[in-house]
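I have placed the structure first, in the form of C-alpha cells, so that the comments after it can refer back to it.
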Amino acid sequence: MPRTTLPALLLLGACASSGRGAEPPKGAPPPAVEFARDVQPILAKHCVSCHGPDKQRGGLRLDRSADALKGGDSGKALVPGKPAESLLLKKLMIEDAQERMPPNRDPLTAEQIRALTAWVEAGAKWPATENAADTHWAFQPVKRPAVPTTKVQGRNAIDAFIAAKLNTSGLARSPEADRRTLIRRLKFDLLGLPPTPEEVEAFVADKDANAYEKLVDKYLASPHYGERWARHWLDTVRFAESNGFETNQLRPNAWHYRDYVIKALNDDKPYDQFVREQLAGDTLGADVATGFIVGGAWDEVKSPDLTLTLNQRADELHDMIGTTGSAFLGLTVACARCHAHKFDPISQLDYYRIKAVFAGVQHGERPVRTGDTVARAKEADRLRAQLTELEAKVAALEPLADPAATDARRVSVNARLNTERFKPVRAKFVRFVTFETNSVEPCLDELEVFSFGSKPVNVALASNGAKATSSGDYPGSPNIHSLPFINDGKYGNGRSWISNKSGRGWVELELAEPTVIDRVAWARDREGKYTDRLPTRYRIDVSTDHEAWVVVASSDDRVPFAEGAPAVPNGLTGAERAAWIKLTQQIGGLRKQIEELVRGQMAYAGRLVAPEETHRLHRGDATQKKEVVGPGALGELGPKLTIPENATDPERRAALAKWITDPAHPLTARVMVNRLWQHHFGTGIVDTPSDFGRNGGKPTHPELLDWLASELVTPSVGEEPLPNPSPKRRGAEGKEGSAPLPS
C-alpha cells in the first residue's frame, strides 16, 4: 500500500469537485452531440422497451443502427441529415397525447428533443461497431497499459500511475506519513484494530529498510485479516443469518458461508476459484460456498394463494440474479426484470436466461461435505444405536397402567415423549390419526416405528426407505414445518410436521417392506421447548395392504390430558423412578449430541433440485407467462455462452461461473480490484462499485484500474509487483487466470 496514495486521491477528488458545473465561455459553440453520452440514454429510457430486442412495435427497432436506419412499418424513422423527414422526431413532437411517443408517458423535454434533432442533423452517426456494449468504457476489453515513467520517485507501479495523474493536473504529492501515523492506518485497514503502544514503538525504532513491508506481511498473516476483510464481501453479497420479513427466523447454519469467506481470504484463495465456488461449489468440493446464492432475504411464510406463491418465488430468484450481477459484474441486471435495461445492453431475455440458471436453487439447508463428514456421520450412527437401547429401557420401566387411576389407565400424553407398546404385528403401513389437541393444529416432531426383536430398528426413517403422506400440511412455514421432517431422524420443533386442520389430521408411513413391529414413539417436541399443538386424542392403525386396518394403540386407555401432568409416570418404585429420570436425562444428552453432529453437516447453502421451467414474464408479472426461456448469460456483454436447455442444475451454475471468470470478461476483474481500492482508501476508482454501467461513475484513473485488473488475472513478471505482497501472494504470482484474492 503506497504511503502517498490516499492523500493524493483526496486531493484529486477535491480538485475535481471544484471544477464541476462550470459554465462554458460566452459565445462558444454548443458542444457536439455524442451518441453514447447524449442520444443512447434517451433511446434506452424512452424507446427501447417498445422498440428493442424484446419487442418491435410497428416493426421498428431502435437499439441497433441497421434496424433504426431501416425504419419500421410506417417508413423511415431516421433520415440522416434531414430532421424534418425523420418520423421519429415527428412522433416525439405531436401535440395529441394519444398519438405522441412515447405513449402514455410524459413527453420528452425540449432539451432531449434538441439533442436528438442535432444528432440527426449531424448525420445520425452511430458507433463504428454494431455492438452497443463497445460504446461504454467498462464494456471494452481490459488492455494492460504501460506503467508511466515519471520523474517523481515511487515505490511501485501504482505510485507511477498516481504520479502521472498528479502531473497532468499540476499537483504535487502529499508528504509521506510518519511511522506512528502509518502503523495506525495500516492496522486499522487490515485488521480493524489499533496497534498496541509496544507495536508502535517497535515500528518507529525499526531501522530495517523493509520495516514497512515486514509489518504488512505480519498483519496479512494474521487470522484476523480474513475476519476483518470478510465483512466487506459479506456486505456486498447481502449475507444475513436470519430470513428477514415479518417473522425474521434465524438461520442457525448460515455461519458456514461466513466462515468459508474468512478462510478463503486467509488462505489467499485465487479469485476466479472464489467466484466459481460460490456459484457452483457443490461441483467443486466446496458445498458451503453456495450459501452466497441464498444469502439474502427470504419470505418463508407461504400461502395457499397461487399468485402470492408465484410472486414469492419470483422474488427469491430476483434476489439471486441481482446479487450475482452487482457483486461479480458491477451491473444492475435486476433492472431488466420487467423490460430491457434502460441504459445498459441487458435485454429482458438476458434476465430470464440467468433466472433459468438458478431455477434449481431453493432456500434452505442441505447436507454438505466437510473435512470430517464421514467421521461425524459414523459417530451420529453410534449414538443413535445407544439412544435406541436407552429408549427401550425407558419403555420397559413405564407401567402399562397407572395404579392411581381407578380404571387402570395409562398416564396421559406429554409433549416430550410418548411410547406406544403393543403385541408384535406385521405392518407395511402405519398411520397416526389425531382427533383432538390441546391447541390448534396437531404437530409431531418425529414419528418412530421400531421393529420387533433384540436389536430394534427405526424402520420409519426415510433413510431406511419409508415414505410419508398426510391429510394435509401446514402452509405457513415449510422451512421448519414440513412433511419430510416427520421421519428424517431429527428432533425438535424446527424439524416437525403440522397438519393443515385445527385439532385434527393424519400422517401415514409406508415402510420399505412389511415388518413385524411392536413399538411406536412420538412427541410434540423432544427438545421440550414447545407444549402447544399436542395430540391429546389419537389413534394408531397398521395395515399390510392399505385396505384392512388394525388399531394397535390409542389415547382411549390413557388418563385424560390435563395441563401440568407429571413428567414422571406414576406407579414407579423409588429405584424405578430414579432409573427413569437418569435414563431420560441420558436420552436428552444423546439427542443433543446427535443434533450437534447432524447440524454440523447441515448448512444454509440452498436446497438443490431439478430446475423448474422458466418463462419470460410480461412486465415481470409472475402470473403472465410468455415463452419458455433456457439458461444463459448476458448476450452483449462478455464472452459468448451457450448452455443446453436440458442442462442440469449444477451444469447451469458451473457454466455461468466459468463465463463470469473467463479472463477475457471485461467486468469481473475491474469490479473486484475497484472494491479492494474502495475498502483500502474509502472511495473506489469508480465511485459506484456495484454499478459499472452507463449510469455509474467513471474511473478517476482508468489506466490504473485496467493495470490492476490485468494484474489480478495475470500477475506481472519482470515488472513492479502489486504493493506489499504477502509471502503467500508472492508464491502465487505468475499463475495465469488464478491470481489470489489480493491483499
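Each residue of the sequence shown is one higher than the last, beginning at 136 in this note's numbering.
Note that beta-carbon positions come from the ideal geometry of N, C-alpha and C, so glycine has one too.
(1) Since S634 sits in a beta bridge, which residues does DSSP pair it with?
(2) Got a sec, what are the start and stop residues for the beta strand (DSSP E) V686 sits in?
(3) Under DSSP, the beta strand (DSSP E) around P670 begins and ends at which residues?
(4) Going by the DSSP bridge assignment, what does T554 pair with across the sheet?
(5) Report, in whole angstroms, the separation of the C-beta atoms of S461 and A471, which I expect to be a contact under 8 Å.
(6) Look at the alpha carbon of Q247 and the alpha carbon of A844, and state the distance between them as a whole number of angstroms.
(7) Whole angstroms are fine: how far does the CA of R754 sit from the CA of G207?
(8) Contact defined as beta carbons within less than 8 Å: I believe E645 pairs with F564. What is the distance between those atoms, to the nearest angstrom?
(9) Under 9 Å, do H476 and T467 count as touching if we go by C-beta distance?
(10) For D417, collect the residues of the same chain with a Cβ closer than 7 Å to its Cβ; drop the 5 residues on either side in sequence, then sort them by chain order.
(11) If distances are taken between C-alpha atoms only, which option among A346, F374, E435 comes closest to T382?
(12) For V214 versus A259, is the C-beta spacing smaller than 9 Å?
(13) Spatial neighbours of A253 within its chain, please: C-beta separation below 7 Å, excluding the five flanking residues on both sides.
(14) If you draw a straight line from the alpha carbon of T458 to that of A432, how long is it in whole angstroms?
(15) Count the other C-beta atoms from every protein chain shown that fall within 10 angstroms of the C-beta of Q233, then say buried if there are 16 or more, exposed otherwise.
(16) Looking at the secondary structure, which residues open and close the alpha helix (DSSP H) in which E581 lies?
(17) Where R373 and R393 are concerned, what is the direct C-alpha to C-alpha distance, given to the nearest angstrom?
(18) With DSSP collapsed to three states, give me the class of W794.
(19) Please give me, in chain order, every unbroken run of the alpha helix (DSSP H) with length at least 4 that falls completely inside the region 385-461.
(20) Identify every run of the alpha helix (DSSP H) within the region 179-263, keeping only runs that are complete inside it and at least 4 residues long; order them along the chain.
(21) Please confirm whether P824 and N809 have their CB atoms less than 9 Å apart.
(22) Return the first residue and the last residue of the beta strand (DSSP E) that R751 is part of.
(23) What residue from R488, R363, V496 has the CA that sits closest to Y739's CA?
(24) For Q721, which residues from the same chain have a beta carbon less than 6 Å from its beta carbon, with the 5 sequence-adjacent residues on both sides left out?
(25) On the CB-based measure, 16 or more other CB atoms within 10 Å of its CB, does Q736 come out buried or exposed?
(26) Out of curiosity, what's the CA-to-CA distance linking I621 and R659?
(27) Counting only the same chain and skipping the five closest in sequence on each side, list residues whose C-beta sits under 8 Å from that of K636.
(28) Quick check on the DSSP output: the beta strand (DSSP E) that includes K760 runs from which residue to which?
(29) Roughly how many angstroms lie between the CA atoms of T371 and L811, to the nearest whole one?
(30) So if DSSP puts E514 in a beta bridge, which residue, or which two residues, is it bridged to?
(31) Thinking R326 and Y347 are a contact (beta carbons under 8 Å), I'd like their distance in whole angstroms, please.
(32) Taking DSSP as the reference, what is the three-state secondary structure of Q275?
(33) Label H391 either buried or exposed according to how many other C-beta atoms from any shown protein chain fall within 10 Å of its C-beta, with 16 as the threshold for buried.
(34) May I have the straight-line CA-CA distance separating T303 from H836, to the nearest angstrom?
(35) Where does N593 sit, in a helix, a strand or coil, going by DSSP?
(36) Just to confirm the assignment, what range does the alpha helix (DSSP H) spanning Y360 have?
Reading off the structure:
(1) D608
(2) 685-689
(3) 670-678
(4) A656
(5) Actually they are not in contact, since the Cβ atoms of S461 and A471 sit about 13 Å apart, beyond 8 Å.
(6) 36 Å
(7) 24 Å
(8) 6 Å
(9) yes
(10) T425, L743, P785
(11) E435
(12) yes
(13) V168
(14) 12 Å
(15) exposed
(16) Premise fails: E581 lies in the beta strand (DSSP E), 581-586, not in any alpha helix (DSSP H).
(17) 11 Å
(18) helix
(19) 390-401, 406-415
(20) 200-205, 222-228, 245-256
(21) yes
(22) 750-752
(23) V496
(24) L525
(25) buried
(26) 11 Å
(27) E576, S606, G607
(28) 760-763
(29) 12 Å
(30) DSSP output for E514 lists no bridge partner at all.
(31) Rather than Arg, the amino acid found at residue 326 in this sequence is Leu. No, L326 and Y347 are not in contact; Cβ-Cβ is about 16 Å, not under 8 Å.
(32) coil
(33) buried
(34) 12 Å
(35) strand
(36) 358-371
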